[in-house]
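Protein chains: 2
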Amino acid sequence: MKNFDNKSKKIYGKLYLIPTPIAETEGDFLLPQDRAIVEKLKYFIVENPKTARKYLKLLNMAVPIQEVEMDILDEHTKDKYLFELIKPLKEGNDVGLMSEAGLPGIADPGSKIVRIAHASNIPVIPFVGPSSILLALMGSGLNGQAFKFNGYLPVDQIEREKRLITMENESRKGKYTQIFMETPYRNRHLFNSILKTCAPTTLLSLGIDLYGSNQLIKTAKVADWKNMQKVRIDKVPVIFILSGEK
Amino acid sequence: MKNFDNKSKKIYGKLYLIPTPIAETEGDFLLPQDRAIVEKLKYFIVENPKTARKYLKLLNMAVPIQEVEMDILDEHTKDKYLFELIKPLKEGNDVGLMSEAGLPGIADPGSKIVRIAHASNIPVIPFVGPSSILLALMGSGLNGQAFKFNGYLPVDQIEREKRLITMENESRKGKYTQIFMETPYRNRHLFNSILKTCAPTTLLSLGIDLYGSNQLIKTAKVADWKNMQKVRIDKVPVIFILSGEK
Numbered sequence: 026m027k028n029f030d031n032k033s034k035k036i037y038g039k040l041y042l043i044p045t046p047i048a049e050t051e052g053d054f055l056l057p058q059d060r061a062i063v064e065k066l067k068y069f070i071v072e073n074p075k076t077a078r079k080y081l082k083l084l085n086m087a088v089p090i091q092e093v094e095m096d097i098l099d100e101h102t103k104d105k106y107l108f109e110l111i112k113p114l115k116e117g118n119d120v121g122l123m124s125e126a127g128l129p130g131i132a133d134p135g136s137k138i139v140r141i142a143h144a145s146n147i148p149v150i151p152f153v154g155p156s157s158i159l160l161a162l163m164g165s166g167l168n169g170q171a172f173k174f175n176g177y178l179p180v181d182q183i184e185r186e187k188r189l190i191t192m193e194n195e196s197r198k199g200k201y202t203q204i205f206m207e208t209p210y211r212n213r214h215l216f217n218s219i220l221k222t223c224a225p226t227t228l229l230s231l232g233i234d235l236y237g238s239n240q241l242i243k244t245a246k247v248a249d250w251k252n253m254q255k256v257r258i259d260k261v262p263v264i265f266i267l268s269g270e271k
Numbered sequence: 026m027k028n029f030d031n032k033s034k035k036i037y038g039k040l041y042l043i044p045t046p047i048a049e050t051e052g053d054f055l056l057p058q059d060r061a062i063v064e065k066l067k068y069f070i071v072e073n074p075k076t077a078r079k080y081l082k083l084l085n086m087a088v089p090i091q092e093v094e095m096d097i098l099d100e101h102t103k104d105k106y107l108f109e110l111i112k113p114l115k116e117g118n119d120v121g122l123m124s125e126a127g128l129p130g131i132a133d134p135g136s137k138i139v140r141i142a143h144a145s146n147i148p149v150i151p152f153v154g155p156s157s158i159l160l161a162l163m164g165s166g167l168n169g170q171a172f173k174f175n176g177y178l179p180v181d182q183i184e185r186e187k188r189l190i191t192m193e194n195e196s197r198k199g200k201y202t203q204i205f206m207e208t209p210y211r212n213r214h215l216f217n218s219i220l221k222t223c224a225p226t227t228l229l230s231l232g233i234d235l236y237g238s239n240q241l242i243k244t245a246k247v248a249d250w251k252n253m254q255k256v257r258i259d260k261v262p263v264i265f266i267l268s269g270e271k
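Sequence lines, in order, name chains C and F. Here this note's numbering is used: the first residue of the first sequence is 26, the next is one more, and so on. Here this note's numbering is used: the first residue of the second sequence is 26, the next is one more, and so on.
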């Protein structure tokens, strides 16, 4: 019989999942009580040490940053190396996991180490932080009781527009909101595909540069978006949200 | 032509979407820079004035709480009254929107006022805060690049188990994670239905009492959950996450 609540004779460290900023802002990116925990950590697993150090410099780390131990977990990390990464945890040390931007483990290699932690009975503790997906959904006013995050759509225009039609139909039939994104320099292509393929009554919300200095969230019918002037979505992060209406 | 960036001759107030705690904790529930904005607000739209006042008491409100204006927006609010609610915004006052727990506008009547705000060119500003859905997803280690939040499953056992089979198939075929929930006193029924209907290799993650004093996140194969002792999910909030594996 396995033990449900991670209580074993050995005392393992905790794996803290530490959000990082999603935009260039001056403000805090952690809740004060979570920040207090992060400031005392000596071990980190990070996607990019340079940005991780930049974020840690914004905190009052108990140990000088150059003495903090940082292991790298990125898309090149081999699976067999993951067991090396959890060694400090098995020896009883708390470890912080940080990704390049936003919530670790949501859409980055960090999720692999989280799964290994679960398999090894290491407690996993996620912290509150900025998620552009949920900020955009809150701000859209669209249905948050049922929604799907689809990640990136196909790059090929024909494939992308086919996908949009399927998603719009699913949204209308299944009564759920569709969320998706694009690399910033292709936002305009995606936006044009939506205006071209979706019904005039379909609601489209754009969450632009969330938590950044040019943040703007706007929800309108596809028909109204066609008449809007100067939609500034080039080269900025945008979350697209779509709701097919009856 | 409509104006994309909400800039009109009239200066409207901003509608701030203010998260509230998801568990009985002592800690802060807002980032310091967002908290500083909330502390200066004089107008609120709230789902429940009693809990809203409780949360505001945890802040250093610039105006005594009894002098803060609070309008109610709940499931009984008639649509025609929504235009009354945005009057302070149209007169140039910033207004804070708070729901009963968690992120406003995600699964509560607040989303209606957000849509009206967009239609009236009132800027909508969401704040970072606790989302049990995303905390559970981060902590699960399961695929966060594509996921669906399904809300509540059917109460009827046969319907619920049919739905679980569909969701498991969709997850396997569409390569996305399924997230869902249940009212706390029915968690055990849902858990048993999952163990009964899902494949032994399917991964199930439970996010239990997130940000609460008994928080526990655990991911394991359905086969392993069957062997686990004392799974404590009765009468506590639980987020269920499921991933059908090949």
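Idealized CB from N, CA, C, for every residue including glycine.
Please identify the residue among the options whose C-alpha is closest to the C-alpha of residue i.
i	options	result
Ile119/C	Ile43/C, Ala77/C and Leu178/C	Just to set this straight, residue 119/C is Asp in the shown sequence, not Ile. Out of Ile43/C, Ala77/C and Leu178/C, Ile43/C has the C-alpha closest to the C-alpha of Asp119/C.
Val149/F	Ala161/F, Ser136/F and Pro155/F	Ser136/F
Lys173/C	Ala77/F, Ile204/F and Leu160/F	Ile204/F
Leu162/C	Tyr106/C, Glu94/C, Phe265/C and Tyr37/C	Phe265/C
Ser218/F	Leu228/F, Ile183/F, Ser196/F and Ile242/F	Ile183/F
Pro262/F	Ala245/F, Thr222/F and Leu241/F	Leu241/F
Leu122/C	Asp99/C, Gly176/C and Lys105/C	Asp99/C
Gly164/C	Ala142/F, Leu160/F and Asn168/F	Ala142/F
Phe108/C	Ser124/C, Ile70/C and Ala245/C	Ile70/C
Tyr177/F	Asp181/C, Gly169/C and Tyr177/C	Gly169/C
Ser230/C	Ser230/F, Ala144/F and Leu229/F	Ala144/F
Leu66/C	Gln58/C, Val93/C and Lys79/C	Val93/C
So residue i and residue j are in contact, right, with Cβ under 8 Å, and what is the actual spacing, rounded?
i	j	result
Ser157/C	Gly127/C	7 Å
Arg140/F	Gly166/C	4 Å
Pro155/C	Val247/F	No, Pro155/C and Val247/F are not in contact; Cβ-Cβ is about 33 Å, not under 8 Å.
Val207/C	Leu267/C	Strictly speaking, residue 207/C in this sequence is Glu, with Val absent from that position. With 8 Å as the limit, Glu207/C and Leu267/C do not qualify as a contact, their Cβ atoms being about 13 Å apart.
Asp53/C	Leu56/F	5 Å
Pro90/F	Leu110/F	For clarity, residue 90/F is Ile in the given sequence; the question names Pro instead. No, Ile90/F and Leu110/F are not in contact; Cβ-Cβ is about 20 Å, not under 8 Å.
Glu125/F	Thr76/F	6 Å
Excluding the five sequence neighbours on either side, which residues of its own chain have a C-beta within less than 7 Å of the C-beta of residue i, listed in chain order?
i	result
Pro151/C	Leu42
Leu84/F	Arg60, Val63 and Glu64
Pro179/C	Arg185 and Arg188
Leu220/C	Val247, Trp250 and Lys251
Lys39/C	Asp119, Pro148 and Ile150
Lys260/F	Pro209 and Tyr210
Gly74/C	In the sequence as displayed, the identity of residue 74/C is Pro instead of Gly. For Pro74/C, where only same-chain residues beyond five positions count, the Cβ hits under 7 Å are Met95 and Ile97.
Thr102/C	Pro134
Taking the beta carbon of residue i as the centre, do at least 16 other beta carbons fall within 10 Å, making it buried, or is it exposed?
i	result
Met26/F	For Met26/F, the pLDDT reaches just 47, beneath the cut-off of 50, and the residue's location in the model is therefore unreliable, although a value from the coordinates is still provided. With fewer than 16 Cβ atoms within 10 Å of its Cβ, Met26/F is classed as exposed.
Lys200/C	exposed
Glu72/C	buried
Phe216/C	buried
Ser238/C	exposed
Asp96/C	buried
Lys35/C	exposed
Ile87/C	One detail in the question is off: residue 87/C reads as Ala in this sequence, not Ile. Looking at its Cβ environment, which holds fewer than 16 other Cβ atoms inside 10 Å, Ala87/C is exposed.
Lys271/F	exposed
Tyr37/C	buried
Thr227/F	buried
Lys243/F	buried
Looking only at its own chain, which residues have a Cβ that is under 6 Å from the Cβ of residue i, when we skip the five neighbours before and after it?
i	result
Pro113/C	Tyr68 and Val120
Ala171/C	Tyr201
Arg197/F	Gly269
Ala224/C	none
Leu160/F	Leu235
Given 7 Å as the limit, tell me if residue i has its C-beta closer than that to any heavy atom belonging to the ligand NAD.
i	result
Asn217/C	This structure does not include the ligand NAD; it has no bound ligands of any sort.
Considering only residues of the same chain and omitting the five flanking positions on each side of residue i, which have a CB-CB separation below 8 Å?
i	result
Lys82/C	Ile90
Query - Three-pair Cβ contact test at 8 Å for the region 106 to 124 of chain C versus the region 203 to 218 of chain F - result: no
Report task. Please determine if the region 44 to 62 of chain F and the region 244 to 257 of chain C are in contact, where contact requires at least 3 C-beta pairs separated by less than 8 Å. Result -> no
Query - Validate contact between the region 231 to 247 of chain F and the region 180 to 192 of chain F using beta carbons, cut 8 Å, 3 pairs - result: no
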